[in-house]
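Novice: Let me begin by handing over the structure; questions about it come next.
Chains as they are written, first to last, in my numbering: chain A, 73 to 198; chain B, 156 to 520.
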């Protein structure tokens, strides 16, 4: 079991070493002429205006929250799916259908509330 | 895996006659074997990324009634080598305002996460044993987990660049990838319900014996829908057009890798193709019967059947890659709100309906 994951680790280390040596080789052969304008932030050729680390929209946060709910649900359902055919099927299915149903009600609520819309319409705009 | 290493150890000692090699610990042999086999997989993935960048331009060219690259080598075949040499020799620029550590770390994280996907995929069988870097019993969960690395690295790259395009591209990309991970996971759920295991080798093994045993044709038509949901969502996860919002060049210059140049950019570029290959290989494993033949009999005589399996696997995977290129040059790009709508309001309900339908079918039979 741990042996299996050791292989993954060795493989990842191999990949990291590969990147490191390619970048090292590139560092050796590539020219370096530093320049103030070259090192400035790209903004379509203009001088950059203000900092780039600005506030961004809250909808990214909402999406992340919805994602976490569904991901945790899937984590719970994977072990169930593995043993599904060995359990008394009817009972196992009904229990999980109730569980999925609760989540789908949540999805329906979000859908109705408009949180799945990228451009959210507030009531007075409708 | 252990048997394979012991077999190699015996083979090497017998052919070279160096008895002292026997005193080396088995762990050392294992690491050596891993480096050789892992190196081969790494080499194939890198070579594929190069060839695919050429193939993409050729496919694009012919779809648009152009020739594509023609100058370097016969029919431009050496174009990707020329591109590689050019990228290695480019000056490596890091913007003065960037967060230097995260900026440098992002390609490593992305590439490591992409490569890790290839560790779990069973490419073929050797005498009933999987030919894979590792045969995990939680293969599908592992694949889902590793594809999470991509989000982290894209956020790192987008934020560290200290560029407005990069930040916007990175945020959009993260939102897109995590959204589309949900339909992918739900379609995996349907597959696990049918197979009763998360082990990818076992999933391929149960699809043996002709085209009708492939998972895509079990429980018709629901598994076909599962495949469609998986394929569309996977294409969105690897940021291919029509879902390439994160780097939509007409809106965001180049998205999260706007500030990257030279070899660092090349690693972002290559891992897109590597990711495409991984997603296609997973589609082959889960739905198209892995290394099993389309025909009910094998073409080659007994000892060469192994090669035939390899060929089928490569053929199916490359066909899937071609399909993705074809779609890219045929369909226009989605708008960002349409993208989210497609994921949460179309794919997710279909995916859950599939799971419920397949569950009822299994429970009734």
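Glycine is no exception: its CB is placed at the ideal position from the N, C-alpha and C atoms.
Provide the residue(s) that pair with residue 285(B) in DSSP beta bridges, ordered along the chain.
Specialist: 280(B).
Novice: Identify each residue in the stretch 77-97 of chain A for which the Cβ-Cβ distance to at least one residue of chain B is less than 7 Å, and report them in chain order.
Specialist: Listed in sequence order: 79, 80, 82, 83, 84, 86, 87, 88, 90, 91, 94, 95, 97.
Novice: State yes or no: is the beta carbon of residue 318(B) nearer than 8 Å to at least one beta carbon in chain A?
Specialist: Closer than 8 Å to some Cβ of chain A, the Cβ of residue 318(B) qualifies, so yes.
Novice: Looking at the C-beta of residue 142(A), does it have a partner C-beta in chain B at a distance below 8 Å?
Specialist: So, interface residue.
Novice: Taking residue 148(A) as the reference, which of 120(A), 172(A), 166(A), 122(A) has the closest Cα?
Specialist: The shortest Cα separation from residue 148(A) among 120(A), 172(A), 166(A), 122(A) belongs to 172(A).
Novice: Can you check whether the C-beta of residue 378(B) is within less than 8 Å of a C-beta belonging to chain A?
Specialist: Not closer than 8 Å to any Cβ of chain A, the Cβ of residue 378(B) fails to qualify, so no.
Novice: Using a C-beta to C-beta distance shorter than 9 Å, which residues of chain A count as neighbours of residue 374(B)?
Specialist: Here the premise fails: no neighbours, minimum Cβ distance about 13 Å.
Novice: Decide if residue 318(B) is buried, meaning its Cβ has at least 16 other Cβ atoms within 10 Å, or exposed.
Specialist: So residue 318(B) ends up on the buried side.
Novice: Which value, in whole angstroms, describes the spacing of the CA atoms of residue 162(B) and residue 86(A)?
Specialist: Cα-Cα distance, rounded: 23 Å.
Novice: Residue 151(A) lies in the alpha helix (DSSP H); which residues open and close that run?
Specialist: Residues 131-155.
Novice: Is DSSP giving residue 357(B) helix, strand or coil here?
Specialist: DSSP places residue 357(B) in helix when its eight states are reduced to three.
Novice: Suppose you measure from the CA of residue 194(B) to the CA of residue 78(A); what does that come to, to the nearest Å?
Specialist: Rounded to the nearest angstrom, the two C-alpha atoms are 16 Å apart.
Novice: Exposed or buried, residue 213(B), counting other C-beta atoms within 10 Å across all chains shown (16 or more means buried)?
Specialist: With 16 or more other Cβ atoms within 10 Å, it is buried.
Novice: Could you check how far apart the C-beta atoms of residue 101(A) and residue 244(B) are, in whole angstroms? I think they sit under 8 Å.
Specialist: At roughly 6 Å, the Cβ-Cβ gap stays under 8 Å, so residue 101(A) and residue 244(B) are in contact.
Novice: If you measure between the beta carbons of residue 315(B) and residue 112(A), is that distance less than 8 Å?
Specialist: No, they are not a contact pair.
Novice: Does residue 127(A) get closer than 8 Å to chain B when you measure Cβ to Cβ?
Specialist: No, its Cβ sits nowhere closer than 8 Å to a Cβ of chain B.
Novice: Mind listing the chain A neighbours of residue 427(B)? Cutoff is C-beta to C-beta under 7 Å, in chain order.
Specialist: Those within 7 Å of residue 427(B) in chain A number zero; the least Cβ separation is about 15 Å.
Novice: With C-beta atoms as the reference, is residue 520(B) less than 8 Å away from residue 471(B)?
Specialist: Not in contact: residue 520(B) and residue 471(B) (Cβ atoms no closer than 8 Å).
Novice: Suppose you measure from the CA of residue 448(B) to the CA of residue 144(A); what does that come to, to the nearest Å?
Specialist: About 37 Å.
Novice: Which residues, in order along the stretch 230-261 of chain B, keep a beta-carbon less than 9 Å from a beta-carbon of chain A?
Specialist: Answer set for the stretch 230-261 of chain B: 242, 243, 244, 245, 246, 247, 248, 249, 250, 251, 252, 253, 259.
Novice: Please report the Cβ distance between residue 424(B) and residue 321(B), rounded to the nearest whole angstrom; I am assuming they are in contact, meaning their Cβ atoms lie under 8 Å.
Specialist: Actually they do not touch by this definition, with Cβ atoms about 16 Å apart.
Novice: Hey, how far is the Cα of residue 366(B) from the Cα of residue 273(B)?
Specialist: So the alpha carbons of these two residues sit roughly 25 Å apart.
Novice: Kindly provide the ranges of any alpha helix (DSSP H) runs that are 4 or more residues long and lie completely inside the stretch 196-270 of chain B, ordered along the chain.
Specialist: Within the stretch 196-270 of chain B, the complete alpha helix (DSSP H) runs of at least 4 residues are 234-243.
Novice: The alpha helix (DSSP H) with residue 516(B) in it runs from where to where?
Specialist: Counting along the chain, the alpha helix (DSSP H) containing residue 516(B) begins and ends at 503-519.
Novice: With 8 Å set as the bound, which would you pick, yes or no: does the beta-carbon of residue 162(B) sit closer than that to a beta-carbon of chain A?
Specialist: No, residue 162(B) lies away from the interface with chain A (no Cβ there is under 8 Å from its Cβ).
Novice: If you measure between the beta carbons of residue 166(A) and residue 271(B), is that distance less than 8 Å?
Specialist: The answer is no: Cβ separation not under 8 Å.
Novice: If you run the structure through DSSP and keep just helix, strand and coil, what is residue 399(B)?
Specialist: In the structure shown, residue 399(B) sits in coil (DSSP, three-state: anything other than H, G, I, E or B).
Novice: What is the rounded straight-line gap between the Cα of residue 359(B) and the Cα of residue 108(A)?
Specialist: If I take the Cα positions, the gap works out to 56 Å.
Novice: Would you please state the rounded distance, in angstroms, between the beta carbons of residue 269(B) and residue 430(B)? I believe it to be under 8 Å.
Specialist: Confirmed, Cβ separation roughly 5 Å.
Novice: Step through the CB atoms of chain B and report whether any lies within less than 8 Å of the CB of residue 165(A).
Specialist: Cβ-Cβ to chain B under 8 Å: yes for residue 165(A).
Novice: Would residue 469(B) and residue 356(B) qualify as a contact pair, given that the criterion is a beta-carbon distance under 8 Å?
Specialist: No, the pair does not count as a contact, with Cβ atoms beyond the cut-off.
Novice: Just the C-alpha distance for residue 227(B) and residue 238(B), rounded to the nearest angstrom, thanks.
Specialist: Rounded to the nearest angstrom, the two C-alpha atoms are 10 Å apart.
Novice: Can you check which of these residues, 506(B), 484(B), 516(B), is closest to residue 219(B) by C-alpha distance?
Specialist: The candidate whose alpha carbon is nearest that of residue 219(B) is 484(B).
Novice: Hey, could you find the ends of the alpha helix (DSSP H) residue 419(B) is sitting in?
Specialist: First-last of the alpha helix (DSSP H) with residue 419(B): 417-442.
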